[in-house]
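A.B. asks: In our numbering, the protein residues as written are 522 to 950.
Below you'll find the structure I mean.
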């Protein structure tokens, strides 16, 4: 086995400092604790969440029953923001089918569920497998065990709550579910209300930033451990398996996605699936990986030189590295996401690799690996504090290999902070 080392030039560029925003996020840790007290359950509409951020710590009586448990502050604030959107759209309720969005809004991690949100109620519909999960993670919501009666049971609550106009996100409602809801929801009009939660999720709070930072650190720690194991003859799939194991060993929920491990010509395929190609001298090894920690992800890419690579790849590497640095320098509130792509692309174009940069500069990350905003050349979004985006320029040479460098960058009030701190260049042999 050969030892791996970071190149001297890369060490000089690695950031050794963290801004106040990351330090604050680290102190936040897991965010506000979920109360362990159990809420009152009944077949009637139950727990009422706070209706504004200012009332996030208050509870209100429910139909003459005992006062309900208020949701933790972070969830109360999110609920208030979604409810404000409902008021602006004149919707009586909002049906949330996406499991990821349910977790963001309520903390519920079950694999089957729907959330019906109204001006003063949060109804969580699930099945018996997740009865205890709902009690533990969202005790302040009204739990309904709907069993296999998905759309029908959900539509019944439209009637119980006397909802006339209910919004839904068509990106997360199947044709079959919509048909079932429409048939059962007599007297309730279903209206498309796309992207409500996706838009609110773009800017992360301090707890979310802490979770992404934790995912970055786990991913980096796993990479450093696995790098020491890499040797000639090792297969791509072996390296990927080691990465996934070590990330779990370091405390991750799991990998954020299947690691991309690509040797030699395979590195010219941006989304290559690890196979039986073996590490060989004179090749480049590209690794794109990330960890998931407390439901939040990281997304990083580095290249490892196996001996001396072809000159064309070294030139590609220099252009990608320069593009990365220029793009990161431009990350700040108000910056155009399409403008960032243009900055990176112009650097690569001057190096003669314009046609070999065949994807966007980056994307947002959070609970999902790919979320808004998109850093594609046609995008017109503006960066805002709290957004976390990837910066990942790349150059791909068919039959030779590819270069991509990817880091996770937080948009701060005054500029940006690179959350990842790995050296940019590694060499084996």
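Positions of the beta carbon are idealized from the N, C-alpha and C atoms, including for glycine.
(1) Return helix, strand or coil for residue 937, following the three-state DSSP convention.
(2) Looking at C-alpha atoms only, which residue of 949, 608, 902 is the closest neighbour of residue 828?
(3) Below 6 Å CB to CB, which residues in the same chain sit around residue 934 once its five sequence neighbours on both sides are set aside?
(4) Between residue 889 and residue 858, how many whole angstroms is the CB-CB distance? I'm expecting something under 8 Å.
(5) Who are the near neighbours of residue 659 in its chain, counting only those whose CB is closer than 7 Å to its CB and skipping five residues on each side?
(6) Rounded to the nearest angstrom, what separates residue 723 and residue 909 at their Cα positions?
(7) For the beta strand (DSSP E) containing residue 633, list its first residue and its last residue.
(8) Among the residues of its own chain, which have a CB less than 6 Å from the CB of residue 927, if the five just before and after it don't count?
(9) What do you get for residue 787, buried or exposed, if any count of 16 or more other CB atoms within 10 angstroms of its CB means buried?
(10) Name the DSSP beta bridge partners of residue 678, please?
(11) Quick one: complete alpha helix (DSSP H) runs, 4+ long, within the stretch 814-861?
(12) Start and end of the alpha helix (DSSP H) containing residue 915?
(13) Rounded C-beta distance between residue 824 and residue 753? I'm assuming under 8 Å.
(14) Buried or exposed, going by whether 16 or more other CB atoms sit within 10 Å of the CB of residue 871?
(15) Excluding the 5 residues flanking residue 635 on each side, which residues of the same chain have their C-beta closer than 7 Å to its C-beta?
(16) Go ahead and pull the three-state DSSP assignment for residue 767.
(17) Please classify residue 886: does DSSP put it in a helix, a strand, or coil?
(18) Just list the residues that DSSP pairs residue 713 with in beta bridges.
(19) Between residue 795 and the rest of its own chain, which residues show a CB-CB distance below 6 Å, the 5 nearest in sequence each way excluded?
(20) Buried or exposed: where does residue 887 fall if 16 or more other Cβ atoms within 10 Å of its Cβ makes it buried?
(21) List the residues that DSSP assigns as beta-bridge partners of residue 663.
(22) Is it buried or exposed, residue 665, if we count other Cβ atoms within 10 angstroms and call 16 or more buried?
(23) Which first and last residues belong to the alpha helix (DSSP H) in which residue 606 is found?
C.D. replies: Let me lay it out:
(1) strand
(2) 949
(3) 906
(4) Not confirmed; about 17 Å, so no contact.
(5) 627, 628, 629, 645
(6) 8 Å
(7) Taken as a continuous stretch (DSSP letters only), residue 633 belongs to no beta strand (DSSP E), as it is neither H nor E.
(8) 821, 822, 911, 913
(9) buried
(10) DSSP output for residue 678 lists no bridge partner at all.
(11) 832-850
(12) Element bounds for residue 915: not the alpha helix (DSSP H) but the beta strand (DSSP E), 915-918.
(13) Not confirmed; about 17 Å, so no contact.
(14) exposed
(15) 616, 617, 618, 646, 675
(16) helix
(17) coil
(18) 689
(19) 757, 758, 761, 782
(20) buried
(21) 644
(22) buried
(23) 594-609
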